[in-house]
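Residue numbers (the working numbering), protein chains in the order written: chain S, 94 to 222; chain W, 191 to 539; chain H, 2 to 429. Cβ atoms here follow ideal geometry from the backbone N, Cα and C, with glycine treated the same way. Keep in mind the model is a prediction, meaning the values are calculated, not measured. The structure appears below as structure tokens.
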Amino acid sequence: MYEREKAIIITNNDRVFEAYKDEMQVILKQTYEEVLIATRDMVYDRHILLTHPQASSLKPNQTPYRSVIVYPGSGEDAMKAILLIEKCLEVYRRWQEIAPSPASYPKKVEDDFKTIDLSIVQNVMPRIV
Amino acid sequence: MAAYRIVHYLNQFFGGIGGEDKADYEPEVQEKVIGPGLALAQGLGDDYEIVATVICGDNYFGENLDEATDTIVEMVKRYHPDVFVAGPAFNAGRYGVACGTICKAVEERLGIPVVSGMYKENPGTDMFRQDVILVETGNSAATMRKAVPKFVNLIRKLAAGEEILGPAEEGYLERGIRVNYFADERGSERGIQMLLKKIAGEEFSTDLPMPKFDRVPPAEAIKDMSKATIAIVTSGGIVPLDNPDHIESSNATKFGWYPIEGMEKMSKDDYTTIHGGYDRQFVMEDPNLVIPLDVLRKKEKDGEIGKLYPYFASTTGTGTATNSAAKFGTDIGKKLVEDHVDAVILVST
Amino acid sequence: MKLELGKIEIKDIRFGDKSCVDDHVLSINKEEVERLVLEDDKLIGCHLELAKPGEKTRITPVKDVIEPRVKVSGGEIFPGVIGKVSPQVGSGRTHALSGCCVVTVGRIVGFQEGVIDMSGPAADYCPFSKTLNVCVVIEPKEGLETHVYERAGRMAGLKVATYLGELARNIEPDTLEVYETKPILEQAQQYPDLPKIGYVHMLQSQGLLHDTYYYGVDAKQIVPTFMYPTEIMDGAIVSGNCVAPCDKVTSYHHLHNPVIEDLYRHHGKDLNFMGVILTNENVFLADKERHSDMVAKLCQWMGLDGVLITEEGYGNPDTDLMMNCKKVERAGTKVCLITDEFPGKDGKSASLADTCDEATALASCGQGNATLHFPAMDKVIGTTEYIESQIGGWAGCMNEDGSFEAELQIIIASTIANGYNKLAAKGY
Chain S
94 MYEREKAIII TNNDRVFEAY KDEMQVILKQ TYEEVLIATR DMVYDRHILL THPQASSLKP
154 NQTPYRSVIV YPGSGEDAMK AILLIEKCLE VYRRWQEIAP SPASYPKKVE DDFKTIDLSI
214 VQNVMPRIV
Chain W
191 MAAYRIVHYL NQFFGGIGGE DKADYEPEVQ EKVIGPGLAL AQGLGDDYEI VATVICGDNY
251 FGENLDEATD TIVEMVKRYH PDVFVAGPAF NAGRYGVACG TICKAVEERL GIPVVSGMYK
311 ENPGTDMFRQ DVILVETGNS AATMRKAVPK FVNLIRKLAA GEEILGPAEE GYLERGIRVN
371 YFADERGSER GIQMLLKKIA GEEFSTDLPM PKFDRVPPAE AIKDMSKATI AIVTSGGIVP
431 LDNPDHIESS NATKFGWYPI EGMEKMSKDD YTTIHGGYDR QFVMEDPNLV IPLDVLRKKE
491 KDGEIGKLYP YFASTTGTGT ATNSAAKFGT DIGKKLVEDH VDAVILVST
Chain H
2 MKLELGKIEI KDIRFGDKSC VDDHVLSINK EEVERLVLED DKLIGCHLEL AKPGEKTRIT
62 PVKDVIEPRV KVSGGEIFPG VIGKVSPQVG SGRTHALSGC CVVTVGRIVG FQEGVIDMSG
122 PAADYCPFSK TLNVCVVIEP KEGLETHVYE RAGRMAGLKV ATYLGELARN IEPDTLEVYE
182 TKPILEQAQQ YPDLPKIGYV HMLQSQGLLH DTYYYGVDAK QIVPTFMYPT EIMDGAIVSG
242 NCVAPCDKVT SYHHLHNPVI EDLYRHHGKD LNFMGVILTN ENVFLADKER HSDMVAKLCQ
302 WMGLDGVLIT EEGYGNPDTD LMMNCKKVER AGTKVCLITD EFPGKDGKSA SLADTCDEAT
362 ALASCGQGNA TLHFPAMDKV IGTTEYIESQ IGGWAGCMNE DGSFEAELQI IIASTIANGY
422 NKLAAKGY
């Protein structure tokens, strides 16, 4: 149903970037919000979402890392994707208002967050076939 | 001397100044109890005194939002009230928005507890229910008598700094603030009981009402833009300088059609915005930011779009009741369909 | 399928020379249990501590909570994870040590784990403030991969619970509860006049530290399926989830799923409990679409008049919750959702990350953003070193005397979204 080479990962997690940059397109961003915005822009430009942009139940102010996978597409799925990514941006901003994400984390904690984010991508990859 | 001081806000009508013809009335203070204040004072008893009543015309307030708010807050401040009361506004839309705006400003700037009241469908309700305690009233002044005990109870509690209980207990419109409590049954049991009622077609009340969205399915995409007629419609309040249709700066009750035929761009010498809900300075300098005539004319010339419809429709979005907006939309849409417009650019602000 | 669940009331716990249950008192040979845990070479440290209701004790970071149980008649507990998978799971007889729990404690990752206070204001919000807790404090080998260590922690708790559960095998239970669900056609006929009710149980399955196991199978890998409700009482589902303490469904909560318990209470009186549909909360959107379609089909196929749906987590799972709700309703089965809320500290924001028009009935499990003062305690089991970076805490929330402010989010299972608690939220 899908071809791996056509899927695009948008991430701010360097470990996701390193893991997949040789086999597919990976767009590396600086921040969580930039990932969501880049995803939104892709979705408005003829892509659909393959993964939920709020994967993991870590609330958007509780993890600094975010990876989303998009795929070329249009039609009904594109409409759904637009509604979903806009909702996620809204929810992200709502949580930043509630309490902004910490400016930095201890190294070990940051690594844990990267591991969790990477594991979500790793778990999804076998589905993109 | 009374233990607690109250300042009361009324519009020109309830303040006894006059009807719609006096809606431009500028803010003033009268050091006496007026109109609905009499019923409140009577209910409150001797420990409470309405030391002043501020009166302002609804149109004046709507068209001079910032200035009127500043003036009225200053007036309230001089009397050092323990509680500030506005209205009730019942179903009067502009009055409701004014009551909400003033209450919010008084609470934020002066730190004085506030209470107002209105009908649940008043446009002011949705705008201010989260910020201001609004006593639920009927849709006309005839329901004042029923509202008085609720006002009295809330004013007393606010003056004494007592805890305000839930909307059902106190008779105010739910603010949409989610508060924890320990229920008699656990969630799973409450869920089962709710489900059984739902299946039996009996009445039940959900713990969390879903937000209501009036979703409209998107129209079919235009196949060939180079042949399409495009119209511009905005809720950004762009009007000719003299605002010939007297569109309100908030809670609009009407919209206007304005010609753009033969114009290359929107000029600040001819157009302005009367919108009361955003920082207008950039748009007043360059109205093309809201009516993008300059860009669209170029696209028209370049053949990217067929042609521009010779009028744009405009109203004010802020504080406008959704049913008013739906009516404007229906009227605007009807005319555009009659004139064979293919697509509309809706500019929000 | 019929299960007899014998409950042995535990009134006290203590360390002793021999592990046994005698006159409602659980004695534990500390060294024996610690040795059992340290059989796993991923763990280099383990010590046991006891915590009882009313004590000025704080337990954190907590990974999982498990009730000790044993299969008395054939079959084994926690099938596919600790015990063998067998057809007897969910039938025959099971014994449980009621009122006591195994609590695994220790750093799993630098955030996420929660708090159990045995007294004080936070105790009102936590089910495990009222149980006698055997705390297994573990320490990993240096440099382990996070997922390897997560597994070691998960297994340690299950092993200790199984070890203690074994002590209940030959004890006469204080109460014997009987639960039975018949094959679908017979079940429908048993109470033909009562509404047929099912339960859609959404399992957390988003990835590392967000996993649940069904007979040892990672729930990400399953497609929606039918389960007899009694299977869950024998440990067919265990938690591998460490996310957001407040709405974490611990292994204890799987054994004691409140929707299943309460549906059985109503069974034959005002409803006919037909069984459980298991589904998951995947990240891949095509999985969500497929699985919500399948859930709706199963509801229709089972002829259900109504279902309760519960979720675990926030955000991504809210999308599954609403997709399930919408599709099940459209397929003709009435839905009531059970979930918790996150509307911000002032309670003014939207409670859920997703909504749908069909969600007309929802039972709230409270809002997790409300803040609470956690007083200093006399004893800490584990460490409070990470409070500020645990979910629900914030930089600067910890005071010098060991007290702190935090959101309810930090308390284990305080707003658990399956309706286990009485906490609820309403509109003000």
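The C-beta of residue 115(S) comes no closer than 8 angstroms to any C-beta of chain H.
Taking the Cα positions, residue 22(H) is about 34 angstroms away from residue 374(W). In this structure, the alpha-carbon of residue 390(H) lies about 7 angstroms from that of residue 396(H). Counting of Cβ neighbours within 10 angstroms places residue 410(H) among the buried residues, the total reaching 16 or more. For residue 209(H), the chain S residues whose Cβ falls inside 7 angstroms of its Cβ are 208, 209 and 212, in order along the chain. Any Cβ of chain S closer than 8 angstroms to the Cβ of residue 345(H) would place that residue at the interface, and such an atom is present.
Here residue 193(S) has 154 as same chain residues with Cβ atoms under 8 angstroms from its own Cβ, once five neighbours each way along the sequence are excluded.
Membership of residue 395(H) in any beta strand (DSSP E) is not indicated, and neither H nor E is assigned to it by DSSP.
When DSSP assignments are scanned along the stretch 196–239 of chain W, the uninterrupted stretches of beta strand (DSSP E) that are 3 or more residues long and fall wholly within it turn out to be 218–220.
For the stretch 235–262 of chain H, the residues whose beta carbon sits under 9 angstroms from a beta carbon of chain W are, in order, 258, 259, 260, 261 and 262. Taking C-alpha positions only, residue 535(W) is separated from residue 303(W) by approximately 43 angstroms. Around the beta carbon of residue 228(W), fewer than 16 other beta carbons sit within 10 angstroms, so the residue counts as exposed. Between residue 427(H) and residue 381(W), the CB-CB gap reaches or exceeds 8 angstroms. Between the stretch 414–422 of chain H and the stretch 332–343 of chain H, the count of Cβ pairs shorter than 8 angstroms is three or higher; the stretches touch. No Cβ of chain S is located within less than 8 angstroms of the beta carbon of residue 405(H).
Taking a 10 Å sphere around the C-beta of residue 94(S), we find fewer than 16 other C-beta atoms and assign the residue as exposed. Residue state for residue 384(H) is assigned as coil, using DSSP reduced to three classes. Between residue 493(W) and chain H, the shortest Cβ-Cβ separation is not below 8 angstroms. When the beta-carbon positions are compared, residue 196(H) and residue 306(H) come within less than 8 angstroms of each other. The shortest CA-to-CA distance from residue 383(W) to any of 292(H), 309(H) and 53(H) is the one to 309(H). Chain-ordered, the chain W residues with CB closer than 9 angstroms to the CB of residue 196(H) read 385, 386, 389 and 390.
Residue contact check for residue 267(H) against chain S: no CB pair falls below 8 angstroms. Within the stretch 238–279 of chain H, complete alpha helix (DSSP H) segments of at least 4 residues are found at 252–256 and 259–267, given in chain order. Residue contact check for residue 175(S) against chain H: no CB pair falls below 8 angstroms. Here residue 251(H) is buried, its C-beta having at least 16 other C-beta atoms within 10 Å. For residue 70(H), the beta-bridge partners assigned by DSSP are 97(H). Residue state for residue 150(H) is assigned as helix, using DSSP reduced to three classes.
When rounded, the separation of the alpha-carbon atoms in residue 164(S) and residue 97(S) is 9 angstroms. Contact check for residue 421(W) against residue 472(W) fails: the beta carbons are separated by 8 angstroms or more. When the beta-carbon positions are compared, residue 421(H) and residue 259(H) come within less than 8 angstroms of each other. Between residue 182(S) and chain H, the shortest Cβ-Cβ separation is not below 8 angstroms.
Restricting attention to alpha helix (DSSP H) runs no shorter than 4 residues, the stretch 340–413 of chain W encloses them at 357–360 and 377–390, ordered along the chain.
Note on residue 124(S): under 16 other CB atoms within 10 angstroms of its CB, so exposed under the neighbour-count rule. The CB of residue 368(W) comes closer than 7 angstroms to the CB of 342, 344, 348, 352, 368, 426 and 428 in chain H, given here in chain order. Shown here for residue 150(H): same chain residues with a beta carbon closer than 6 angstroms to its own, the five before and five after excluded, namely 141 in chain order. What residue 124(S) touches in chain H, judged by beta-carbon distance under 9 angstroms, is nothing: the nearest beta carbon there is about 18 angstroms away.
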